[in-house]
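A.B. asks: Just so you know, the protein sequences line up as chains A and B, in that order. Here my numbering = 1-based position in the first sequence + 929. Here my numbering = 1-based position in the second sequence + 929. For each residue, glycine too, the CB sits at the ideal point set by N, CA and C. These numbers were taken from a predicted model, which means no experiment stands behind them.
There are 2 protein chains.
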Amino acid sequence: MKIIESPRDMQRQIEALRLAGETIGFVPTMGALHEGHLELVRRARKENSQVVVSIFVNPMQFRPGEDFEKYPRVLERDCELLQCNHCDLVFAPEKNALVDERAVTFVKVEKLGERWEGEIRPGHFRGVATIVAKLFNVVRAHRAYFGEKDFQQLKIIEALARDLNFEIEIVPSPTIRENDGLALSSRNAYLNAEDRAAAPTIFQALTAAQKLVANGESSAQKINDAMQKIIDAQQRLQREYSVVVDAQTLEPLQILTQRKPARAMIAARAGNTRLIDNAALEIPK
Amino acid sequence: MKIIESPRDMQRQIEALRLAGETIGFVPTMGALHEGHLELVRRARKENSQVVVSIFVNPMQFRPGEDFEKYPRVLERDCELLQCNHCDLVFAPEKNALVDERAVTFVKVEKLGERWEGEIRPGHFRGVATIVAKLFNVVRAHRAYFGEKDFQQLKIIEALARDLNFEIEIVPSPTIRENDGLALSSRNAYLNAEDRAAAPTIFQALTAAQKLVANGESSAQKINDAMQKIIDAQQRLQREYSVVVDAQTLEPLQILTQRKPARAMIAARAGNTRLIDNAALEIPK
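#1: Cα separation between Leu1120/A and Glu964/A?
#2: With a CB to CB cut of under 7 Å and the five nearest residues on each side skipped, what residues in its chain are close to Gln1187/B?
#3: Considering only their Cβ atoms, is the gap separating Ala1137/B from Ala1155/B smaller than 7 Å?
#4: DSSP has Gly1076/A in a bridge; who is on the other side?
#5: Determine, for Phe1035/A, whether the minimum Cβ-Cβ distance to residues of chain B falls below 7 Å.
#6: Would you say Phe1095/B reaches chain D, if we count a Cβ-Cβ gap shorter than 7 Å as a contact?
#7: Which residue's Cα is closest to the Cα of Arg1203/A: Arg1055/A, Pro1103/A, Leu1111/A and Lys1189/A?
#8: Give the range of the beta strand (DSSP E) segment to which Arg1168/B is assigned.
#9: Whose CA, out of Lys1140/B, Pro1051/B and Asn987/B, lies closest to the CA of Glu1030/B?
#10: Along the stretch 1017 to 1033 of chain B, what residues have a CB closer than 9 Å to any CB found in chain A?
#11: Taking contact to mean 3 or more Cβ pairs, one atom from each stretch, closer than 8 Å, check whether the stretch 939 to 950 of chain B and the stretch 1139 to 1153 of chain A are in contact.
#12: In chain B, which residues lie with their C-beta within 7 Å of the C-beta of Leu1089/A?
#13: Measure the C-alpha to C-alpha separation of Leu967/A and Leu1185/B and round it to an integer number of angstroms.
#14: On the criterion of 16 or more Cβ atoms from any shown chain inside 10 Å, does His1053/B qualify as buried, or is it exposed?
#15: Pro957/B and Ser935/B: beta carbons closer than 7 Å?
#16: So, does the stretch 1063 to 1077 of chain B touch the stretch 1097 to 1117 of chain B, judging by three or more C-beta pairs under 8 Å?
#17: Determine the direct distance from the alpha carbon of Ile1085/B to that of Gln1177/B, and round the result to whole angstroms.
#18: Taking 7 Å as the threshold (C-beta atoms), are Cys1016/A and Val980/A in contact?
#19: Among the candidates Asn1153/A, Val1038/A and Phe1020/A, whose CA atom is the shortest distance from the CA of Arg1055/B?
#20: Is the CB of Asn1066/B under 7 Å away from at least one CB in chain A?
#21: Are the CB atoms of Leu1041/A and Val1028/B within a distance shorter than 7 Å?
#22: Just the C-alpha distance for Pro1022/B and Pro1181/A, rounded to the nearest angstrom, thanks.
#23: What's the C-alpha gap between Arg1069/A and Arg1050/A?
#24: Looking at the unbroken alpha helix (DSSP H) that takes in Ala973/A, where does it start and where does it end?
#25: Between which two residues does the alpha helix (DSSP H) carrying Thr952/A extend?
#26: Among Phe1035/B, Tyr1000/B and Ile1205/B, which one has its Cα closest to the Cα of Gln1133/B?
#27: Considering only the alpha carbon of each residue, which of Ser1115/B, Ala1193/B and Arg1116/B lies closest to Ser1147/B?
#28: Going by the CB atoms, is the gap between Arg1198/A and Gln1167/A shorter than 7 Å?
#29: When DSSP labels each residue in this structure, what does Gln979/B get in the three-state scheme?
#30: At the level of alpha carbons, what is the spacing between Lys1225/A and Val1173/A?
#31: Kindly list, in the order they appear in chain B, the residues whose Cβ is closer than 7 Å to that of Leu1179/A.
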């Protein structure tokens, strides 16, 4: 496994691999890898002849006062895990090698990027879209793998790739969870014991929404009310949103129908830690 | 010479060419080709093994009320000219093949894109930057050629390529002029006889600025005054701006110095036709 720090070197490596006829699977991460990331790596491993993982804590997607400084950085451990999972290339640029303070070019995904996380974290998705466009140009892969845990981010990256004609297949992968349902996230490490114990309530609310829909409920309002009640009953969680949306546009739904895939999305705060999660709502036939 | 209409087909062609070890020179245009464009094609021909020219009147860079509808479209003639100049591939997509009304992703170049043309034509450079990012992803060239006549656009595209890590060399090329100094532009065709006769005044103002600098003038204000006086004396021209700027940042300069390359930029209207032009200001040693 090779570790590459310079974007130029990475571009040269990729060009050589492509000229040699290799197919390239790419997993962009901010490091602090968990089983969710490793599942993406294993899938990329199966579907491509070369696997590239980037590790870069992107300053552009953090707002002032957010956790950019304290975000966990454990490059050595990450590289050990990647080696175990048969990654070929790690792209681990220094901050200034990839993000230049003099940069004036930004990629913005309108509409999709304005609601939910975009409303609570203004500028966040602009930072995400800009760094992903950069990474796609540095690691010119055939396929890129993203977890569904960050569902809004996934939709934004699908739109970005489609709208800007990036020649890359975006492959979504299901959320990996702890036994009690908590979605894996590098930020779970911030939780103290009490907040960790409370956190699976989010998954319970999503599961309740799925059950309502499975039992024939088609009113988004009723599903929203049920989710809100479950979250609000957990005093350690401060709910930010819980909502049933159109899974393509992320606009709130009124009525669930077979025609439009629906998704339940939740964000809540436990202490200073934001937790987000989501689930597909399968309407019975 | 092959004409390709679909972005996907173009991507496949380019991939095959790159795998075969070809180097690709790319000239993006809106068609209605003139000697300025053909000079770029000839330069691309010299410096690459394959030459690709795109012809696409980009709706995103026109504002409501501008000349999108009447912009000259002469694809057959353009293709004849390109064949004469040994172009290999023409990318001529249908409007809807490249620009989708449902697209939500846009590329914006801040600062550089906000002044001058950006102020007079809000949204114009966002349209330019977005389409150029798309074209760079469709026609993955080694070099792309742009005329200096659209100097602000050139600077924006240089920033875009650098900031988003596009693996492409941006090659600027000097403005081609009529014998009387008028910079070649597809929009010159809009000029009636009187306006056409008045139009070279812009070049005369730029030349006057160059002479002042050559003779030791270092006050931008004095140079600006001189340009303004020349333009305003021509009653058929309505001056929009005439200004000495830092050639990198396009911010107005106060004093010309050896350290900072300077550029004079002018925009004026003749009837309904906007004319823009610019020139380097070489400070004597």
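C.D. replies: Judging by the given coordinates:
#1: Spanning the two alpha carbons is a distance of roughly 18 Å.
#2: Around Gln1187/B: Ile1212.
#3: A distance below 7 Å separates the beta carbons of Ala1155/B and Ala1137/B.
#4: Gly1076/A pairs with Ser1102/A.
#5: Yes, because at least one Cβ of chain B sits closer than 7 Å to the Cβ of Phe1035/A.
#6: As a matter of chain content, chain D is missing from the structure shown, whose protein chains are A and B.
#7: Nearest in C-alpha terms to Arg1203/A, of all of Arg1055/A, Pro1103/A, Leu1111/A and Lys1189/A, is Leu1111/A.
#8: Following the DSSP letters along the chain, one finds Arg1168/B inside the beta strand (DSSP E) bounded by residues Leu1166 to Asp1175.
#9: Between Glu1030/B and the set Lys1140/B, Pro1051/B and Asn987/B, the nearest pair of CA atoms involves Asn987/B.
#10: Per Cβ criterion, the list reads Leu1027, Asp1029, Arg1031, Ala1032 and Val1033.
#11: Because the criterion of three Cβ pairs below 8 Å is not met, the stretch 939 to 950 of chain B and the stretch 1139 to 1153 of chain A do not touch.
#12: In chain order: Thr1034.
#13: One C-alpha to the other measures close to 57 Å.
#14: Classification for His1053/B: buried.
#15: Taking 7 Å as the Cβ cut-off, Pro957/B and Ser935/B do not qualify as a contacting pair.
#16: Verdict: yes, contact present.
#17: When rounded, the distance between both Cα atoms is 10 Å.
#18: Val980/A places its beta carbon less than 7 Å from that of Cys1016/A.
#19: When each option's Cα is compared against that of Arg1055/B, the closest is Val1038/A.
#20: Yes, Asn1066/B lies at the interface with chain A (some Cβ there is under 7 Å from its Cβ).
#21: Their beta carbons are not under 7 Å apart, which means Val1028/B does not touch Leu1041/A by this criterion.
#22: The C-alpha of Pro1181/A is placed about 35 Å away from the C-alpha of Pro1022/B.
#23: Computed Cα separation, rounded: 29 Å.
#24: For Ala973/A, the enclosing alpha helix (DSSP H) covers residues Glu964 to Glu976.
#25: For Thr952/A, there is no enclosing alpha helix (DSSP H), as DSSP gives it neither H nor E.
#26: Distance from the Cα of Gln1133/B is smallest, within the candidate group Phe1035/B, Tyr1000/B and Ile1205/B, for Ile1205/B.
#27: Of the listed residues, the one whose Cα sits closest to Ser1147/B is Ala1193/B.
#28: Yes, the pair counts as a contact, with Cβ atoms nearer than the cut-off.
#29: In the structure shown, the three-state DSSP call for Gln979/B is strand.
#30: Not covered by the structure: residue 1225/A. The range shown for chain A is 930 to 1214.
#31: Near Leu1179/A there are no residues of chain B at all, since even the closest Cβ is about 11 Å away, more than 7 Å.
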